[in-house]
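The numbering of the sequence shown is UniProt numbering, which starts it at 1 and goes up by one. Yeah, the Cβ is synthetic: ideal placement off N, Cα and C, and Gly gets one too. Everything on this sheet refers to the single structure shown next.
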Amino acid sequence: MFQPAGSAEIIRSHQKDDNFLNTLRSATTDVFQRIAGPRSWIQWRRHVDIVAELAYFFLTTLSELQTVGEEYVNIIQTDKSLKALPPRWRRALMVILQVCAPHILQATLDKLERHVRSSSRLSLKPATKETILRIIPLIRKLITIIHRVHLTVFYMDGIFYHLAKRIAGVHYVQYMSRDRSHSSVQPFKILGYLSVFQLILSLLLHLVYLVLAFKNQKQTSQTSGFHRDVPLCLERRKRTTLTPCGHLYCWSCIHEWCLSKQECPLCRDQFPPHRLVVLQNFDPT
Numbered sequence: 001m002f003q004p005a006g007s008a009e010i011i012r013s014h015q016k017d018d019n020f021l022n023t024l025r026s027a028t029t030d031v032f033q034r035i036a037g038p039r040s041w042i043q044w045r046r047h048v049d050i051v052a053e054l055a056y057f058f059l060t061t062l063s064e065l066q067t068v069g070e071e072y073v074n075i076i077q078t079d080k081s082l083k084a085l086p087p088r089w090r091r092a093l094m095v096i097l098q099v100c101a102p103h104i105l106q107a108t109l110d111k112l113e114r115h116v117r118s119s120s121r122l123s124l125k126p127a128t129k130e131t132i133l134r135i136i137p138l139i140r141k142l143i144t145i146i147h148r149v150h151l152t153v154f155y156m157d158g159i160f161y162h163l164a165k166r167i168a169g170v171h172y173v174q175y176m177s178r179d180r181s182h183s184s185v186q187p188f189k190i191l192g193y194l195s196v197f198q199l200i201l202s203l204l205l206h207l208v209y210l211v212l213a214f215k216n217q218k219q220t221s222q223t224s225g226f227h228r229d230v231p232l233c234l235e236r237r238k239r240t241t242l243t244p245c246g247h248l249y250c251w252s253c254i255h256e257w258c259l260s261k262q263e264c265p266l267c268r269d270q271f272p273p274h275r276l277v278v279l280q281n282f283d284p285t
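Okay, structure coming up:
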């Protein structure tokens with residue numbers, strides 16, 4: 001009578017729940033806009049969606065009832081044994097991870113990026129700021145890869161469709177079901193193999209992109225280092241000094257040059273020594 005739920009039933013259940021949640025969010029949004037106005041809704045729309053989803057799962061999963069999607073395909077949440085309902089704390093953990101965790105993670109990354117970009121709020125070194133701004137997109141990319149790997153595993157084994165259920169250990173069994181044939185499972189296996197191939201290909205392309213970006217950065221660094229060499233001493237600039245014509249020299253080099261000739265060594269533009277300007281915080285550390 002009871003057997004582990006199949007991939008098709010789990011997917012249809014989630015699709016049905018998503019459709020119902022969209023309707024619930026729309027109704028909640030309409031009520032909130034009528035009470036608080038459109039401007040308040042724009043400010044609080046994410047929180048309104050979270051409240052609507054939490055209310056839905058509180059009235060179903062946390063109340064030991066089936067969701068609309070689960071009832072639609074005759075499946076029930078169970079623990080690992082497939083013989084008992086999952087404990088309340090596991091269901092609560094699943095709901096928090098499924099509803100709240102994505103919003104919290106996204107808001108944290110967005111806020112961190114805004115703070116790092118705002119130089120007036122944080123006193124960070126340029127190198128540190130650049131490193132953080134490079135890491136944040138990598139974290140977002142890593143999250144996407146984790147979800148894709150998880151979905152690929154689901155197509156292969158047909159157990160956990162949502163990452164929150166895998167972490168919380170919530171399984172599904174189906175009642176009033178007929179025996180599934182091998183042909184009904186085979187399409188998901190093929191989809192899983194295709195997902196593995198796509199994931200490997202995207203990782204290889206991303207690796208090639210990183211290698212090329214590293215080479216370009218290295219060449220740029222070498223080129224910029226060459227342009228920082230002073231034509232007078234043929235060494236890297238120290239205490240960079242700007243002439244009125246726009247050329248850059250070491251302070252000691254151009255100062256010694258001006259003792260004999262008050263002109264630019266490159267363009268021969270004449271100027272008095274007091275017009276030399278030492279650039280503060282210009283030289284790389």
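Inter-residue spacing [alpha-carbon to alpha-carbon] between residue i and residue j
| i | j | result |
| --- | --- | --- |
| F2 | M176 | 7 Å |
| C267 | C245 | 8 Å |
| L205 | H171 | 35 Å |
| P126 | P137 | 18 Å |
| L201 | L163 | 23 Å |
| T108 | L207 | 27 Å |
| A84 | L65 | 14 Å |
| N74 | Q106 | 34 Å |
| H147 | R140 | 11 Å |
| I167 | L93 | 9 Å |
| P87 | F57 | 15 Å |
| G225 | T144 | For G225, the predicted structure reports a pLDDT of 47, less than 50, and the residue's modelled location is therefore unreliable. A value from the coordinates is still provided. Taking the straight line joining both Cα atoms gives about 37 Å. |
| L151 | R25 | 25 Å |
| R45 | V211 | 41 Å |
| Y209 | L124 | 28 Å |
| D110 | S40 | 20 Å |
| L54 | E71 | 19 Å |
| I35 | K16 | 29 Å |
| T67 | T60 | 5 Å |
| I135 | G192 | 30 Å |
| A8 | P187 | 10 Å |
| T223 | T29 | Any reading at T223 needs caution, since the residue's pLDDT is 47, under 50, leaving its predicted position unreliable; the model's value is listed next. Near 55 Å, if we compare the C-alpha coordinates of T29 and T223. |
| I254 | T131 | 35 Å |
| W89 | A52 | 21 Å |
| E235 | L112 | 40 Å |
| R275 | C264 | 12 Å |
| Q262 | C250 | 15 Å |
| L203 | A213 | 15 Å |
Nearest-angstrom beta carbon gap, residue j and residue i [assumed within contact, 8 Å]
| i | j | result |
| --- | --- | --- |
| L248 | R239 | Contact doesn't hold; Cβ gap of about 11 Å is too wide. |
| Y161 | I50 | Incorrect: roughly 21 Å between the Cβ atoms, too far for contact. |
| L62 | V116 | Not quite, the Cβ-Cβ distance comes to about 38 Å (not below 8 Å), so this is no contact. |
| T243 | V278 | Rounded, the Cβ-Cβ distance is 11 Å, inconsistent with contact. |
| S13 | G69 | 4 Å |
| L82 | V173 | 5 Å |
Which residues DSSP lists as bridging residue i, in chain order
| i | result |
| --- | --- |
| Y249 | T241 |
| E263 | Q270 |
| V277 | L242 |
| Q3 | Q174 |
> Are the stretch 99-112 and the stretch 68-81 touching, with three or more C-beta to C-beta distances below 8 Å?
Replying inline: no
> Would you say the stretch 150-159 touches the stretch 191-198, given that touching needs at least three Cβ pairs under 8 Å?
Replying inline: yes
> Going along the chain, which unbroken runs of the alpha helix (DSSP H) with 4 or more residues stay wholly within the stretch 62-109?
Replying inline: 68-73, 88-95
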